[in-house]
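Engineer: If you read the protein sequences in the order shown, they are chains A and B.
Residues in the first sequence are numbered consecutively from 1152, following the numbering used here.
Residues in the second sequence are numbered consecutively from 202, following the numbering used here.
Glycine residues also receive a C-beta, built at the ideal position from the N, C-alpha and C atoms.
All values reported here derive from a predicted model rather than from experimental measurement.
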Amino acid sequence: MSERRSALAALTRARVFEFIREPEAVFWVFAFPIIMAVVLGFAFREKGPDKVPVGVVAGSADGALGGRPLQSPALKTTSYATLEDGLQALRTGKIALLVENKDPVVYHFDPTRPDARLARLEVDDAIQRAAGRVDPVPFKEVEMHEKGSRYIDFLLPGILGLNLMGTGIWGIGFGIVNARLKKTLKLMTATPMRKSDFLLAQILSRLFFLLLEIAVILAFGVLAFGVPIRGSLVLLLAVALLGSLSFAGLGLLVAARAKTLEAASGLMNLVMVPMWLLSGVFFSADRFPNAAQPLIRALPLTALNDALRAVMLEGKGLAAIAVAAAILAAWGIASFAVALKIFRWQ
Amino acid sequence: MSENTARPVSVSPAILCRGLKKHFGDVRAVDGLDLEIRPGECFGLLGPNGAGKTTTIEILEGLTPPDAGEVVILGRHWGSHERELRARLGVSLQETRFSEKLTVFEMLDLFRSLYPRGRDPELLLRDLSLEEKRDARIGKLSGGQRQRLAVACALAGDPEILFLDEPTTGLDPQSRLQLWEKFEGFRAAGRTVLLTTHYMEEAERLCDRVAVVDHGKIIAQGTPAELVAGLHAPHIVEFASEPALSAEDLKALPGVGDCRKRDDRWFVGVASLVDAVPALLARLERGGAKLLSLSTHRATLEDVFISLTGRELRDE
Chain A
1152 MSERRSALAA LTRARVFEFI REPEAVFWVF AFPIIMAVVL GFAFREKGPD KVPVGVVAGS
1212 ADGALGGRPL QSPALKTTSY ATLEDGLQAL RTGKIALLVE NKDPVVYHFD PTRPDARLAR
1272 LEVDDAIQRA AGRVDPVPFK EVEMHEKGSR YIDFLLPGIL GLNLMGTGIW GIGFGIVNAR
1332 LKKTLKLMTA TPMRKSDFLL AQILSRLFFL LLEIAVILAF GVLAFGVPIR GSLVLLLAVA
1392 LLGSLSFAGL GLLVAARAKT LEAASGLMNL VMVPMWLLSG VFFSADRFPN AAQPLIRALP
1452 LTALNDALRA VMLEGKGLAA IAVAAAILAA WGIASFAVAL KIFRWQ
Chain B
202 MSENTARPVS VSPAILCRGL KKHFGDVRAV DGLDLEIRPG ECFGLLGPNG AGKTTTIEIL
262 EGLTPPDAGE VVILGRHWGS HERELRARLG VSLQETRFSE KLTVFEMLDL FRSLYPRGRD
322 PELLLRDLSL EEKRDARIGK LSGGQRQRLA VACALAGDPE ILFLDEPTTG LDPQSRLQLW
382 EKFEGFRAAG RTVLLTTHYM EEAERLCDRV AVVDHGKIIA QGTPAELVAG LHAPHIVEFA
442 SEPALSAEDL KALPGVGDCR KRDDRWFVGV ASLVDAVPAL LARLERGGAK LLSLSTHRAT
502 LEDVFISLTG RELRDE
């Protein structure tokens, strides 16, 4: 005979072991968000403004350009032997604008392309100055490179939110559907186990990884890209915790009845893909039409991302994120309650 | 039934069910089934796949609600005493694949933690000859070892009744024998076992009583010896000849019951060996046939099943 032990603790511990012994799962939780941040961070890294590619049809010395080459730090110039070659390059998008050295100078470009209009301004500026134009109003340029306003600063909280959603819905969903498929769920219901203990253990095991997950992503952002954390770290963790619980509830709901992994992953995609797109992970959710805004604001990932950005980037306090927190709590409680009600144990 | 009927009548049954019915769509899986299993008894539900054995045992385990009928386990009903009953029963399902990532001890310890009281996992591992595999991942176990783990998990709460659904299906003979010894040990401690099987040897070796189930109904019930003795033809003559005899030839012999042919061999149920064998030899000699092999054995539960249903028990 041996004494009574905590079923909740044992269930949680078993789930944690199962998870950390699954190398794929560890990859998706920890490595994937970092790889994504690295790739996106480099794609949008700080560098000088792009040079605009333009073309010049060579060989006409009697044009308005004279013999002077077209030079500007903002331009990348290519010479074409004939007008036809140049127009071909323009049509295929290799250059934004083609200069024909005649008198007057001819600019070929598509005015609906923003880079073409930019090229038009830069080329004309270069040609006029080279020909001796003097600007009547003197000016001075001041460049701004403030941390916290770069793309990576915007991106990192979004990736954190995305990851909390992914690990919550998937980690819990797949674990449950797997246990149902393998009939361990059914076997456990044949024991005196409390069903709420089982569901609670799934959520608690997620929280075990939560701190590690947040620490890894934030440390990477701060150390590799100098992303600022302006608000309270405790508040940031609290927001992440709340978001994680909310998505754990959704994960339970998604897995409540699914009988196969295919059905479960279909449901998970149905829940997650719209939020990938709409909830302001990669670009601000403000860009969607006003009519869609109430719906988008009500999504849990939008609320989580907004709250994470408010605390991290703007240093806001609890009052500023109260609405987002309420939305997250509502999603979590409602989905947990429904999941418990409709859960299929066999 | 001799030794069991000697017990006092006042002992209330460990498992009792009356008029059990369950259908899935158009299929009547269980169709009016009554059982009464005494404490300390090992009872077998015997039947082919699809006979309704699993549905029946899962209803008794309180995992599947019946459409109709009454279930009383240890004098309690599922509706009113579920948690108490769960703590007093051990269940091994027909097909459980434990999480492959956990170790044997971790899984057993998890199941132990689900019961308010129970047996020490270390001792259980030793009982089921799994102590060498204590720290092995479940994914690395053989079929027999996994099945022993499933039984260990069913025993974790030190149950009064053990439910075993096809506990040795798909195992090699040695693993099967090993498990049988464990069940016998549990049974020897005065506990009750209800098992389903489609292996005759298993039922004959383990069970005090068996019920033969077909199409959701019990078609025969009793001790294995009683069921065999109840056969019209309790002896089996097994022979092969060149050329082979026809079924009509065999039916003409004295006291012949069921005849079946597997490959080139006939299995003929007869009432009396001393009448049937000389008549068979005479028939072969008359027809100029050469006897290739001849042996006889007592009828088994398999023969009982064939005689009751006209079908063989094993998987087709």
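Tell me A/Thr1229's beta-bridge partners as DSSP assigns them.
Structural biologist: Partner(s): A/Gly1206.
Engineer: Let me know the secondary structure DSSP gives B/Ala421 once reduced to three states.
Structural biologist: strand
Engineer: For A/Pro1262, collect the residues of the same chain with a Cβ closer than 7 Å to its Cβ; drop the 5 residues on either side in sequence, then sort them by chain order.
Structural biologist: Excluding sequence neighbours, A/Pro1262 sits near Arg1268.
Engineer: Under a CB-based cut-off of 8 Å, is B/Pro317 close to chain A?
Structural biologist: yes
Engineer: Please give me, in chain order, every unbroken run of the beta strand (DSSP E) with length at least 3 that falls completely inside the stretch 1153-1193 of chain A.
Structural biologist: none
Engineer: Any idea what DSSP makes of B/Cys218, helix, strand or coil?
Structural biologist: strand
Engineer: Name the residues in the stretch 292-304 of chain B whose C-beta lies less than 7 Å from a C-beta of chain A; which are they?
Structural biologist: Val292, Leu294, Glu296, Thr297, Arg298, Phe299, Ser300, Lys302 and Leu303
Engineer: Am I right that A/Ala1352 and A/Thr1163 are in contact with their C-beta atoms under 8 Å? What's the rounded C-beta distance?
Structural biologist: 4 Å
Engineer: From A/Arg1331 to A/Met1344, what does the alpha carbon distance come to, in whole angstroms?
Structural biologist: Those two C-alpha atoms are separated by around 15 Å.
Engineer: Should A/Val1385 go down as buried or exposed, given a rule of 16 or more other Cβ atoms within 10 Å for buried?
Structural biologist: exposed
Engineer: Would DSSP call B/Arg466 helix, strand or coil?
Structural biologist: strand
Engineer: What residues of chain B sit near A/Arg1357, judged by a beta carbon separation below 9 Å?
Structural biologist: Simply none; closest approach about 17 Å.
Engineer: Can you pull the chain A neighbours of B/Glu262, defined as C-beta to C-beta under 7 Å?
Structural biologist: Ala1341
Engineer: Under 8 Å, Cβ to Cβ, is there at least one residue of chain B near A/Ala1470?
Structural biologist: no
Engineer: Any idea what DSSP makes of A/Tyr1302, helix, strand or coil?
Structural biologist: helix
Engineer: For a contact defined as C-beta to C-beta under 9 Å, what are the partners of B/Asp227 on chain A?
Structural biologist: In chain order: nothing, as chain A lies at least about 21 Å away.
Engineer: Can you give me the C-alpha to C-alpha distance between B/Ala215 and B/Leu356, rounded to a whole angstrom?
Structural biologist: 17 Å
Engineer: Does DSSP put A/Ile1447 in a helix, a strand or coil?
Structural biologist: helix
Engineer: From what residue to what residue does the alpha helix (DSSP H) around A/Phe1487 run?
Structural biologist: Ala1473 to Ile1493
Engineer: At which residue ranges does the stretch 286-327 of chain B contain complete beta strand (DSSP E) runs of 3 or more residues, listed in the order of the chain?
Structural biologist: 290-293
Engineer: Looking at the strands, I want to know which residues DSSP matches up with A/Ile1259.
Structural biologist: The sequence shown places His at residue 1259 of chain A, rather than the Ile named in the question. Paired residue(s): A/Leu1249.
Engineer: Identify every run of the beta strand (DSSP E) within the stretch 237-283 of chain B, keeping only runs that are complete inside it and at least 3 residues long; order them along the chain.
Structural biologist: Positions of the beta strand (DSSP E) runs, each at least 3 residues long and wholly inside the stretch 237-283 of chain B, are given as 243-247 and 269-274 in order along the chain.
Engineer: What's the call for A/Ile1320, buried or exposed, on a 16-neighbour Cβ count within 10 Å?
Structural biologist: Residue environment for A/Ile1320: buried (at least 16 other C-beta atoms within 10 angstroms of its C-beta).
Engineer: Tell me the DSSP secondary structure of B/Phe440 in three-state form.
Structural biologist: strand
Engineer: Note down the Cα distance separating B/Leu236 from B/Val228, rounded to an integer number of angstroms.
Structural biologist: 21 Å
Engineer: In whole angstroms, what is the alpha-carbon distance linking A/Pro1440 and A/Ile1447?
Structural biologist: 10 Å
Engineer: Are the C-beta of A/Phe1181 and some C-beta of chain B separated by less than 8 Å?
Structural biologist: no
Engineer: Can you give me the C-alpha to C-alpha distance between B/Leu451 and B/Phe468, rounded to a whole angstrom?
Structural biologist: 10 Å
Engineer: Does any residue of chain A have a CB that is nearer than 8 Å to the CB of B/Gly344?
Structural biologist: no
Engineer: Taking the alpha-carbon of A/Gly1394 as reference, which of A/Leu1459, A/Glu1169, A/Glu1465 and A/Ile1186 has the nearest alpha-carbon?
Structural biologist: A/Leu1459
Engineer: In this structure, does DSSP put A/Leu1412 in helix, strand or coil?
Structural biologist: helix
Engineer: Using the three-state DSSP reduction, which class does A/Phe1349 fall into: helix, strand or coil?
Structural biologist: helix
Engineer: Less than 8 Å between the C-beta atoms of A/Leu1336 and A/Trp1482, yes or no?
Structural biologist: Cβ atoms of A/Leu1336 and A/Trp1482: not closer than 8 Å.
Engineer: Roughly how many angstroms separate the alpha carbons of A/Ala1341 and A/Ala1176, rounded to a whole number?
Structural biologist: Cα to Cα, the separation comes out at about 29 Å.
Engineer: Taking the CB atoms as reference points, tell me whether B/Arg392 and B/Glu361 lie closer together than 8 Å.
Structural biologist: yes
Engineer: Would B/His436 be called buried (16 or more neighbouring beta carbons within 10 Å of its own) or exposed?
Structural biologist: buried
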